[in-house]
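So for the sequence shown, our numbering puts the first residue at 78; every next one is plus one.
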Amino acid sequence: MKKIIITCALVMFTFIAKAQENKFASKRVATAVQYISSNMDLSEANVEFLKETLYNKYVSNAKKIRGKDLSQDEKKQVYRTAFIETRKKLMTVFSKEQVGEITKLERESFKK
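So, in structure tokens, the structure goes:
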């Protein structure tokens, strides 16, 4: 009986730990999307798509880099790959010019 309870507790803890939101990614997305949407005319659906896409990018980058003791070149490669994947995903909804503007504004939002 104890083993069943302990196993259930561990399984529940695992699900809770995985479901927690990445606070850094959330803050970064909020800042970037707010800046982008204030400088571009985007529909609510496009803003939501952008939020989801950027959040997934930041979380994915963090998982690939954090605690891995990667060199600067390896980190640069992770970021480059994420940039290409994100650009492809954004191109499914936005035009090439809009994606370029989104990328430019996203980078500007980090400097503010």
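Here a beta-carbon is modelled for each residue, glycine too, at the ideal position from N, C-alpha and C.
Between Thr-163 and Lys-140, the C-beta spacing is not below 7 Å.
Every unbroken stretch of the alpha helix (DSSP H) spanning 4 or more residues and falling wholly within the region 108 to 183 is given here in chain order: 121 to 142, 149 to 168.
Judged by pairs of C-beta atoms under 8 Å, the region 98 to 108 does not touch the region 165 to 174, as fewer than three such pairs exist.
Sequence-distant Cβ neighbours of Asn-138 in its own chain, meaning closer than 7 Å and more than five residues away, are Val-155, Tyr-156, Ala-159.
When the beta-carbon positions are compared, Ile-142 and Lys-152 come within less than 7 Å of each other. Closest by C-alpha distance to Thr-130, out of Val-110, Lys-188, Gly-144, is Val-110. Looking at the backbone, the Cα of Ile-113 and that of Val-124 are separated by about 9 Å. Note on Ser-186: 16 or more other CB atoms within 10 angstroms of its CB, so buried under the neighbour-count rule.
Taking C-alpha positions only, Lys-173 is separated from Arg-184 by approximately 17 Å.
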